[in-house]
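In terms of numbering that gives the first Met the number 0, the sequence shown opens at residue 0 and continues consecutively.
The beta-carbon is built from N, C-alpha and C at its ideal position, and this holds for glycine as well.
Since the model is a prediction, treat every value here as computed from it, not as a measurement.
Beneath this line is the structure, given in structure tokens, with notes to follow.
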Amino acid sequence: MAVIAGNWKMHMASDQAIEFLAELDLSGVSERHEILLFPPEIYLAALATSEARNPRVQLGPQNIYWEDEGAFTGELSARMASEVGANFVLIGHSERRHVFGETDEEVAHKVRAAQRHGLVPVVCVGETLEERRANRVEEVILRQLNAVIDDLSLGRALIAYEPVWAIGTGETATPKDASLAHETLRERLSQSLGTERARSVAILYGGSVKPSNAGALLSTANVDGVLVGGASLDPRSFAEIAAAAL
Ligand code: PGA
0 MAVIAGNWKM HMASDQAIEF LAELDLSGVS ERHEILLFPP EIYLAALATS EARNPRVQLG
60 PQNIYWEDEG AFTGELSARM ASEVGANFVL IGHSERRHVF GETDEEVAHK VRAAQRHGLV
120 PVVCVGETLE ERRANRVEEV ILRQLNAVID DLSLGRALIA YEPVWAIGTG ETATPKDASL
180 AHETLRERLS QSLGTERARS VAILYGGSVK PSNAGALLST ANVDGVLVGG ASLDPRSFAE
240 IAAAAL
């Protein structure tokens, strides 16, 4: 089973979002695979209830706040997202970490909030180019994973390895780079959760995934799926990526 996830970021008009669902043709995608979409939160309710939505497509917000309610202007709680039909949530995406200064500790709070409300967290980790050049890939991704590792035993969770230098740049990690990072993450998960449970935590690769490289990445050891940004905005290329999963 593979997980094919689309992160729309702050893109798409509301009518385009519904049109996307109507045009998304998953007939060439094995039923074994899970299809997730992370649209701008404001569209969640409309997408969740849209007749155009193939029930295989599950939804989630791109971020949440960890409190359930309160005086937190501009924030969205896990409970609210879950109430309007979300089943998953992206947490700690590199743009949250690097543009909005989100810390490992905040990421951990958010993971717990998601789990409290039955949302499956997709926790994103990944090194910057500077960190990669300084040979700090392992150190950085393990630090980010360690911040949430105790919480991962509480329910289903996914990890997305997204090297920051590969996001939106057209530069993709080679299957070998991805495989090494995923192996590092899997080993740490095994130490903490035991081999069997660790195997059940899907580790997705993200960063310039497109139809032309999806097949190679998805057949790489320890890569259990992909998190797609730019190429998830077009229903044809998103479906093509999903169809590349065997
Ligand atoms: P990209 O984005 O596919 O456009 O590189 C991936 C992501 O940020 O999740």
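Query	Result
To which residues of the same chain is Ala21 closer than 6 Å at the C-beta, ignoring the five residues directly before and after it?	Ala51
For Val83, verify whether its CB is less than 7 Å away from any heavy atom of ligand 1.	no
If you reduce the DSSP assignment to three classes, tell me which class Phe237 lands in.	helix
Name the DSSP bridge partner or partners of Glu33?	Val2
Could you check how far apart the C-beta atoms of Ile90 and Ala70 are, in whole angstroms? I think they sit under 8 Å.	Going by Cβ atoms, the distance from Ile90 to Ala70 rounds to 22 Å, so no, they are not a contact pair.
If we call anything under 8 Å between Cβ atoms a contact, is Ala85 one with Pro60?	yes
Just to check my reading of the structure: Leu157 and Val2 have Cβ atoms closer than 8 Å, yes? What is that Cβ distance to the nearest angstrom?	6 Å
Where does Leu128 land, buried or exposed, given buried means 16+ other C-beta within 10 angstroms?	exposed
State the start and end residues of the unbroken beta strand (DSSP E) segment that holds Phe19.	Per DSSP, Phe19 belongs to no beta strand (DSSP E); it is in the alpha helix (DSSP H), Ser13 to Glu22.
Along the chain, where does the beta strand (DSSP E) that runs through Gln57 open and close?	Val56 to Leu58
If you drop the 5 nearest sequence neighbours on each side, which residues of the same chain put their C-beta closer than 6 Å to that of Val139?	Glu126 and Glu130
Taking only three categories from DSSP, how would you classify Pro120?	strand
Using the three-state DSSP reduction, which class does Ile63 fall into: helix, strand or coil?	coil
Helix, strand or coil: which one does DSSP assign to Trp106?	The sequence as given places Val at residue 106; Trp does not occur at that position. Here Val106 sits in helix by DSSP.
Per DSSP, what are the beta-bridge partners of Ala159 in this structure?	Cys123 and Leu203
So is the beta-carbon of His92 under 7 Å away from any non-hydrogen atom of ligand 1?	yes
Identify every residue that forms a DSSP beta bridge with Ile90.	Val122
Who are Val225's beta bridge partners in DSSP?	Ile3 and Tyr204
Following the continuous alpha helix (DSSP H) through Lys175, name the residue where it begins and the one where it ends.	Pro174 to Leu192
Checking 8 Å against the spacing of the C-beta atoms, do Tyr204 and Leu216 come in under that value?	yes
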